[in-house]
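Participant: Take the position in the sequence shown, starting the count at 1, then add 679; the result is the number in my numbering.
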Amino acid sequence: MGTSVKDLLSAANAEVPKISPDAARRMVAEEKAVIVDVRDMPELQSNGKIPGSVHIPRGMLEFRADPDTQYHDPNLVKDRPIILHCASGGRSALSGKTLKDMGYEKVYNLGGFKDWAEAGGEVEKAS
(Lines of atoms letter the chains of each structure in order from A and count residues from 1; the text may use other names and numbers.)
(Lines give C-alpha, C1' and ligand atoms only; values in the text may rest on other atoms or scores of the structure.)
Protein backbone atom coordinates (compact mmCIF):
# COMPACT_ATOMS: atom_id res chain seq x y z
CA MET A 1 0.00 0.00 0.00
CA GLY A 2 1.27 3.47 -0.88
CA THR A 3 1.48 6.59 1.20
CA SER A 4 -1.80 8.37 1.95
CA VAL A 5 -2.51 12.10 1.93
CA LYS A 6 -2.87 11.86 5.71
CA ASP A 7 0.66 10.43 5.93
CA LEU A 8 2.07 13.11 3.62
CA LEU A 9 0.40 15.88 5.64
CA SER A 10 1.63 14.42 8.90
CA ALA A 11 5.22 14.36 7.63
CA ALA A 12 4.92 17.89 6.23
CA ASN A 13 3.45 19.29 9.43
CA ALA A 14 6.24 17.67 11.44
CA GLU A 15 8.89 19.43 9.34
CA VAL A 16 7.35 22.80 8.54
CA PRO A 17 6.51 24.98 11.54
CA LYS A 18 3.06 26.58 11.60
CA ILE A 19 3.10 30.28 12.46
CA SER A 20 0.44 32.83 13.36
CA PRO A 21 -0.56 35.81 11.23
CA ASP A 22 1.13 38.09 13.80
CA ALA A 23 4.37 36.12 13.53
CA ALA A 24 4.16 36.29 9.73
CA ARG A 25 3.74 40.08 9.82
CA ARG A 26 6.77 40.39 12.13
CA MET A 27 8.89 38.16 9.90
CA VAL A 28 7.99 40.18 6.80
CA ALA A 29 8.85 43.44 8.57
CA GLU A 30 11.99 42.32 10.42
CA GLU A 31 13.45 39.53 8.28
CA LYS A 32 12.19 40.47 4.82
CA ALA A 33 10.32 37.16 4.63
CA VAL A 34 8.32 36.55 1.48
CA ILE A 35 4.73 35.30 1.67
CA VAL A 36 3.94 32.79 -1.06
CA ASP A 37 0.32 32.03 -1.95
CA VAL A 38 0.04 28.53 -3.43
CA ARG A 39 -3.69 28.66 -4.16
CA ASP A 40 -5.05 28.35 -7.68
CA MET A 41 -5.90 31.51 -9.61
CA PRO A 42 -9.71 31.17 -9.27
CA GLU A 43 -9.31 31.12 -5.46
CA LEU A 44 -7.14 34.21 -5.57
CA GLN A 45 -9.57 36.06 -7.84
CA SER A 46 -12.54 35.10 -5.69
CA ASN A 47 -11.11 35.83 -2.24
CA GLY A 48 -8.31 38.34 -2.74
CA LYS A 49 -4.72 38.10 -1.60
CA ILE A 50 -2.30 39.22 1.07
CA PRO A 51 -0.73 42.49 -0.07
CA GLY A 52 2.85 41.95 -1.22
CA SER A 53 2.47 38.19 -1.42
CA VAL A 54 3.82 36.25 -4.37
CA HIS A 55 1.42 33.95 -6.21
CA ILE A 56 2.97 30.63 -7.17
CA PRO A 57 0.39 27.88 -7.74
CA ARG A 58 1.40 24.65 -6.05
CA GLY A 59 1.75 22.90 -9.40
CA MET A 60 4.55 25.29 -10.41
CA LEU A 61 6.35 25.54 -7.07
CA GLU A 62 9.29 23.25 -7.84
CA PHE A 63 9.97 25.02 -11.13
CA ARG A 64 9.75 28.48 -9.55
CA ALA A 65 11.95 27.41 -6.62
CA ASP A 66 14.77 25.91 -8.68
CA PRO A 67 17.24 28.59 -9.77
CA ASP A 68 18.41 26.34 -12.60
CA THR A 69 15.07 26.48 -14.46
CA GLN A 70 13.85 29.15 -16.80
CA TYR A 71 10.80 29.50 -14.53
CA HIS A 72 12.72 30.47 -11.38
CA ASP A 73 11.10 33.20 -9.30
CA PRO A 74 13.76 35.57 -7.90
CA ASN A 75 11.66 36.02 -4.74
CA LEU A 76 12.63 32.49 -3.76
CA VAL A 77 16.11 32.60 -2.30
CA LYS A 78 17.34 29.78 -0.09
CA ASP A 79 18.50 32.01 2.77
CA ARG A 80 15.36 34.18 2.81
CA PRO A 81 12.46 33.12 5.06
CA ILE A 82 9.49 31.83 3.08
CA ILE A 83 5.98 31.82 4.51
CA LEU A 84 3.47 29.72 2.62
CA HIS A 85 -0.32 29.76 2.69
CA CYS A 86 -3.20 28.23 0.79
CA ALA A 87 -6.93 28.13 1.55
CA SER A 88 -6.84 25.94 4.65
CA GLY A 89 -3.22 24.91 5.30
CA GLY A 90 -2.81 21.52 3.65
CA ARG A 91 -1.30 22.54 0.33
CA SER A 92 0.96 25.05 2.07
CA ALA A 93 2.24 22.34 4.43
CA LEU A 94 2.99 20.03 1.49
CA SER A 95 4.61 22.93 -0.40
CA GLY A 96 6.77 23.70 2.63
CA LYS A 97 7.97 20.11 2.79
CA THR A 98 8.84 20.29 -0.90
CA LEU A 99 10.87 23.47 -0.39
CA LYS A 100 12.67 21.89 2.57
CA ASP A 101 13.50 18.88 0.39
CA MET A 102 14.90 21.33 -2.20
CA GLY A 103 17.28 22.87 0.34
CA TYR A 104 15.27 25.83 1.62
CA GLU A 105 15.78 26.03 5.37
CA LYS A 106 13.60 28.91 6.62
CA VAL A 107 10.17 27.68 5.56
CA TYR A 108 6.97 28.31 7.51
CA ASN A 109 3.29 27.49 7.11
CA LEU A 110 0.87 30.35 7.74
CA GLY A 111 -1.99 27.94 7.12
CA GLY A 112 -5.13 29.17 5.47
CA PHE A 113 -5.95 32.48 3.86
CA LYS A 114 -9.07 32.56 6.03
CA ASP A 115 -6.87 32.45 9.17
CA TRP A 116 -5.05 35.56 7.93
CA ALA A 117 -8.27 37.42 7.12
CA GLU A 118 -10.01 36.41 10.37
CA ALA A 119 -6.99 37.65 12.36
CA GLY A 120 -7.42 41.12 10.83
CA GLY A 121 -4.77 40.69 8.14
CA GLU A 122 -5.04 43.09 5.25
CA VAL A 123 -6.58 41.68 2.06
CA GLU A 124 -6.46 43.20 -1.41
CA LYS A 125 -8.43 42.36 -4.50
CA ALA A 126 -6.42 40.20 -6.87
CA SER A 127 -5.72 41.75 -10.24
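The beta-carbon is built from N, C-alpha and C at its ideal position, and this holds for glycine as well.
From Gly-738, Ala-766, Asp-745, pick the residue whose C-alpha is nearest to that of Gly-727; which is it?
Facilitator: Ala-766
Participant: Taking 9 Å as the cut-off, decide whether the C-beta atoms of Asn-754 and Val-733 are in contact.
Facilitator: yes
Participant: Which of the three DSSP states is assigned to Lys-793 in this structure?
Facilitator: Correct three-state label for Lys-793: helix.
Participant: For the segment 694-780, list the beta strand (DSSP E) runs that are entirely contained and at least 3 residues long, ordered along the chain.
Facilitator: 713-716, 761-765
Participant: Roughly how many whole angstroms lie between the Cα atoms of Asn-692 and Val-707?
Facilitator: 22 Å
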